[in-house]
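Visitor: In our numbering, the protein residues as written are 191 to 640. No residue lacks a Cβ here, since even glycine has one placed at the ideal position from N, Cα and C.
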Ligand code: HEM
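1) Under the rule that 16 or more other beta-carbon atoms within 10 Å means buried, what is residue 384, buried or exposed?
2) May I ask you to list the residues that DSSP assigns as paired with residue 193?
3) Measuring alpha carbon to alpha carbon, tell me which of 322, 267, 243 ends up nearest residue 575.
4) Can you give me the C-alpha to C-alpha distance between residue 225 and residue 431, rounded to a whole angstrom?
5) Excluding the 5 residues flanking residue 247 on each side, which residues of the same chain have their C-beta closer than 7 Å to its C-beta?
6) Report the option in 438, 477, 365 whose CA atom is closest to the CA atom of residue 409.
7) Since residue 538 contacts residue 239 with CB under 8 Å, what's their CB separation in whole angstroms?
8) Taking the beta carbon of residue 548 as the centre, do at least 16 other beta carbons fall within 10 Å, making it buried, or is it exposed?
9) I'd like to check one pair, residue 627 with residue 458: are the Cβ atoms closer than 8 Å?
10) Is any non-hydrogen atom of ligand 1 found closer than 7 Å to the C-beta of residue 278, if you look at the structure I gave you?
11) For residue 446 and residue 276, which I take to be in contact (beta-carbon distance under 8 Å), what is that distance rounded to the nearest angstrom?
12) Counting by C-beta, which residues lie closer than 6 Å to a heavy atom of ligand 1, in chain order?
13) Under the rule that 16 or more other beta-carbon atoms within 10 Å means buried, what is residue 353, buried or exposed?
14) How far does the beta strand (DSSP E) with residue 539 in it extend, from its first residue to its last?
15) If you count every other CB in all the chains shown that lies within 10 Å of the CB of residue 317, and 16 or more means buried, which is it?
16) Which residues in the same chain as residue 533 place their Cβ atom closer than 8 Å to its Cβ, once the five residues preceding and following it in sequence are excluded?
17) Any idea what DSSP makes of residue 353, helix, strand or coil?
18) So that I know if they touch, is there some Cβ in chain B lying closer than 8 Å to that of residue 330?
19) Going by DSSP, what residues sit across from residue 620 in a beta bridge?
20) Using 8 Å as the threshold, is the segment 541-560 in touch with the segment 258-269, meaning 3 or more CB pairs across them?
21) Exposed or buried, which one is residue 603 when buried takes at least 16 other CB atoms within 10 Å?
22) How far does the alpha helix (DSSP H) with residue 212 in it extend, from its first residue to its last?
23) Let's see if you can read the secondary structure: which residues bound the alpha helix (DSSP H) around residue 243?
24) For residue 411, tell me which candidate among 397, 396, 427 has the shortest Cα-Cα distance.
25) Applying the criterion that 16 or more other CB atoms from any shown protein chain within 10 Å of the CB defines a buried residue, is residue 210 buried or exposed?
26) On the three-state DSSP scale, how would you describe residue 261?
27) Is it true that the segment 590-605 meets the segment 310-324, where meeting means three or more beta-carbon pairs spaced less than 8 Å apart?
28) Quick check: what's the CA-CA separation for residue 570 versus residue 362?
29) Apart from the five residues just before and just after residue 292, which ones in its own chain have a Cβ nearer than 8 Å to its Cβ?
30) For residue 233, list the residues DSSP reports as bridge partners.
31) Helix, strand or coil, according to DSSP, for residue 586 in the structure here?
32) What does DSSP give as the partner residue(s) for residue 299 in the beta ladder?
33) So the alpha helix (DSSP H) residue 522 belongs to, where does it begin and stop?
34) Residue 668: buried (16+ other C-beta within 10 angstroms of its C-beta) or exposed?
35) Please list the terminal residues of the continuous alpha helix (DSSP H) segment that includes residue 633.
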C-alpha cells in the first residue's frame, strides 16, 4: 500500500516548507492546495508535516474513527494553559465522562427556554443603542456588537445565571485572550507561556484574572442548593454513575472551554450572516417576508423554529461560506488507512471546513451565496461530510444546537424591529485566527420600523 511519502503536495522552502504562504493566508493556502493536489495532500509547516484530507468520504473516516485511532493535535494542546482539560482538549475515558455529564444540557428541547431570554436580551441591547431621533436610523458595528451580545448571553446561561452579571472587564479579558491564542495558533513555533517575555507575562495575567473570576463564581454556586439555575450550577452539583462529582479545577476548565469555544464562533457566524444579507438584498427581502408571514410582531418562540426554514438555510449557507472553525487537526494514534494511503502513528492530519465547503467537487458555483442549496432535497444529494461546520463524529460540537437557536433568535429579533438599509459599498475579507473573522468592522445601517 502507498505510504504518506507518496502523497503529493507543495514542496515549499527547506526547513520552513510552506509556512510563509500558510502564515500569509491560511484559508487560500488550504483551498488552493486541496484544489491542486486532490483528496490527500502533504506539506511541511515549519518543520511539522501535515496531511490535508479533502475528500468527503475520507473526512467522514477521520471523524467517525474510534477515539483511539485519532487524538487531538499538538497544535490544539497549545490551548491547554487556557482551557486545561476541558471538553475540547480532554481525551479518553475522562473526556467520555465529561461529555456524558454535559450533553443532556445541550439537547435542543432542553434549550427551548433560552429563546425568549435571548430575544429579550437582543431587544434590550438594540434599545440601548443610540437611534437618530429624526431618521430613526442606527449604525451598528456588527462584529463588536455581536461579540458583546453573545458573550453576555453565554455568561448568562453558563456562568452567572440570573442573579449576577459578569463584570465588563471579564468580557474584555475573554476577547483579548482569544485574540492572543488565535495569533499563537498560527505560528510555527511559540515560546511556552512560562518563558517570561512581555507578551507571555501579559497573557498569564489575563488567564489569572479569568481563573479568579470563575473560581469565585464556582464557590458562590457551591454555597447554594438550587442545582437548576444554569450550566455551572448543574456541573457543580452533578455526579457520575459512581456518585463522583467534579473538582474545582475540572469545573473551571469546562466553564472556560464553553466560554471560549462558544463565543467567537457564534458571534462571527452571525456577523458573517449580516454581512452577506447586506450584500444580497434579494435574500434579505425573502427572509423578511418569511419573518412577517410566520411571526408578524410576535416574539420568536421555540415552536416557530421549524417554520423558519429560510432563516435556517440562510445561516447554514453563511456557515458554509464563512465556517468559523476553518480546520480541525488530529494526530494518528494507531496506523490507519485513509484514501488508499497508510498513515502511521504520529502522522498529523488536517481537515478543512474552508477548503471542502468551497470545493467545486461538491458545490456548484461554490463562491455564490445561495441559501436555497441548503434545501433538504439538495442536501440529500451531497455526501454528508461535504459540509461540516460543527465537525462530526463523537467529538462533534456540543454547542451546535445552542449556536443555531441563538443565531436564529438574534437575527429574527433584529429584523422584526429594524429594516436593513443596504450599503452596497461595504466590503471586508476573511481572516483566520482561532475562527474566521472579518478583517474590517462591518458597519451596518438599520432603520427602526414604524
Ligand atoms: C457557529 C458556532 C460554532 C461552531 C462553528 C463550532 C464549531 C465546532 C467544531 C468544528 C468543533 C469540533 C472541533 C474538533 O473536532 O476538533 C467544536 C467542538 C466544541 N464546541 Fe463548538 N462551535 C460553535 C459553537 C459552540 C457553542 C455555542 C459552544 C458552547 C456553548 C461550543 C462548545 C464546543 C465544545 C465544548 C466543543 C468540544 C466538544 C468535544 O470535543 O466533546 N461550540 N465546535
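Guide: The relevant details are as follows:
1) Numbered from its first residue, the chain shown carries residue 384 at position 194. Residue 384 comes out exposed.
2) For the purposes of this step, residue 193 is identified with residue 3 of the chain shown, where counting begins at 1. Paired residue(s): 532.
3) The residue labelled residue 575 in the question sits at position 385 within the chain shown. Looking only at 322, 267, 243, the smallest Cα-Cα distance to residue 575 is reached by 243.
4) Residue mapping note: residue 225 aligns to position 35 of the chain shown, counting from 1. Residue mapping note: residue 431 aligns to position 241 of the chain shown, counting from 1. If you take the alpha carbons of residue 225 and residue 431, they lie about 48 Å apart.
5) Reading the chain shown from its first residue, position 57 is the one you call residue 247. Around residue 247: 573.
6) The residue you call residue 409 lines up with position 219 of the chain shown. The shortest C-alpha separation from residue 409 is found at 438.
7) Counted from its first residue, the chain shown places residue 538 at position 348. Counted from its first residue, the chain shown places residue 239 at position 49. At roughly 7 Å, the Cβ-Cβ gap stays under 8 Å, so residue 538 and residue 239 are in contact.
8) On the chain shown, residue 548 is found 358 positions in, with the first residue counted as 1. Classification for residue 548: buried.
9) For the purposes of this step, residue 458 is taken as the residue at position 268 of the chain shown. For the purposes of this step, residue 627 is taken as the residue at position 437 of the chain shown. Contact: yes.
10) Here residue 278 corresponds to residue number 88 of the chain shown, with the count starting at 1. The answer is yes for residue 278.
11) In the chain shown, residue 446 corresponds to position 256, counting from 1. In the chain shown, residue 276 corresponds to position 86, counting from 1. Taking the Cβ atoms as the reference, residue 446 lies roughly 6 Å from residue 276, within the contact range of under 8 Å.
12) 277, 278, 289, 447, 448, 451, 452, 455, 456, 459, 514, 515, 518, 579, 580, 581, 585, 587, 588, 589, 592, 593
13) Within the chain shown, the letter at position 163 stands for residue 353. At residue 353, the pLDDT of 45 sits below 50, so the modelled position is not reliable; the number obtained from the coordinates is stated separately. Per the 10 Å Cβ criterion, exposed.
14) Working through the chain shown from its first residue, we reach residue 539 at position 349. Where residue 539 is concerned, the enclosing beta strand (DSSP E) stretches over 538-541.
15) Residue numbering aside, residue 317 sits at position 127 when the chain shown is read from its first letter. Classification of residue 317: exposed, given that the 10 Å Cβ count is below 16.
16) As a position in the chain shown, residue 533 is number 343, starting the count at 1. Excluding positions up to five away in sequence, the list reads 194, 241, 522, 525, 526, 527, 539.
17) Here residue 353 is taken as the residue at index 163 of the chain shown, counted from 1. Caution is warranted here: a pLDDT of 45 is assigned to residue 353, below 50, making its placement in the model unreliable, and the coordinate value is therefore given only provisionally. The answer is coil: DSSP assigns residue 353 none of H, G, I, E or B.
18) No chain B appears in the structure shown, which is made up of a single protein chain.
19) On the chain shown, residue 620 is found 430 positions in, with the first residue counted as 1. In the DSSP output, where bridge partners are listed per residue, residue 620 has 628.
20) no
21) Indexing the chain shown from 1 puts residue 603 at position 413. Burial call: buried.
22) Along the chain shown, read from residue 1 onward, the residue named residue 212 stands at position 22. In the DSSP annotation of this structure, the continuous segment of the alpha helix (DSSP H) that includes residue 212 starts and ends at 209-214.
23) Translated into the one-based positions of the chain shown, residue 243 becomes position 53. No alpha helix (DSSP H) contains residue 243, which is instead part of the beta strand (DSSP E) from 238-243.
24) Along the chain shown, read from residue 1 onward, the residue named residue 411 stands at position 221. Answer by Cα proximity: 427.
25) Working through the chain shown from its first residue, we reach residue 210 at position 20. By the neighbour-count rule (16 or more Cβ atoms within 10 Å), residue 210 is not buried but exposed.
26) Position 71 of the chain shown holds residue 261. Here residue 261 sits in strand by DSSP.
27) With contact defined as three or more Cβ pairs closer than 8 Å, the segment 590-605 and the segment 310-324 are in contact.
28) As a working mapping, residue 570 is identified with position 380 in the chain shown. As a working mapping, residue 362 is identified with position 172 in the chain shown. Taking the straight line from one Cα to the other gives about 42 Å.
29) Against the chain shown, residue 292 aligns to sequence position 102. Correct list, in chain order: 277, 421, 425, 444, 588.
30) The sequence position of residue 233 within the chain shown is 43, counting from 1. Bridge partners of residue 233: 240.
31) Translated into positions along the chain shown, residue 586 becomes position 396. Looking at residue 586 - three-state DSSP - the assignment turns out to be coil, as it is neither helix nor strand.
32) The residue labelled residue 299 in the question sits at position 109 within the chain shown. BP columns for residue 299 are empty, so no partner.
33) Counting from 1 along the chain shown, the entry for residue 522 is found at position 332. Residue 522 -> not in any alpha helix (DSSP H); beta strand (DSSP E) instead, spanning 518-522.
34) As displayed, the chain neither begins before 191 nor continues past 640, which places residue 668 out of reach and without an answer.
35) Counting from 1 along the chain shown, the entry for residue 633 is found at position 443. Where residue 633 is concerned, there is no enclosing alpha helix (DSSP H), although the beta strand (DSSP E) it sits in stretches over 633-638.
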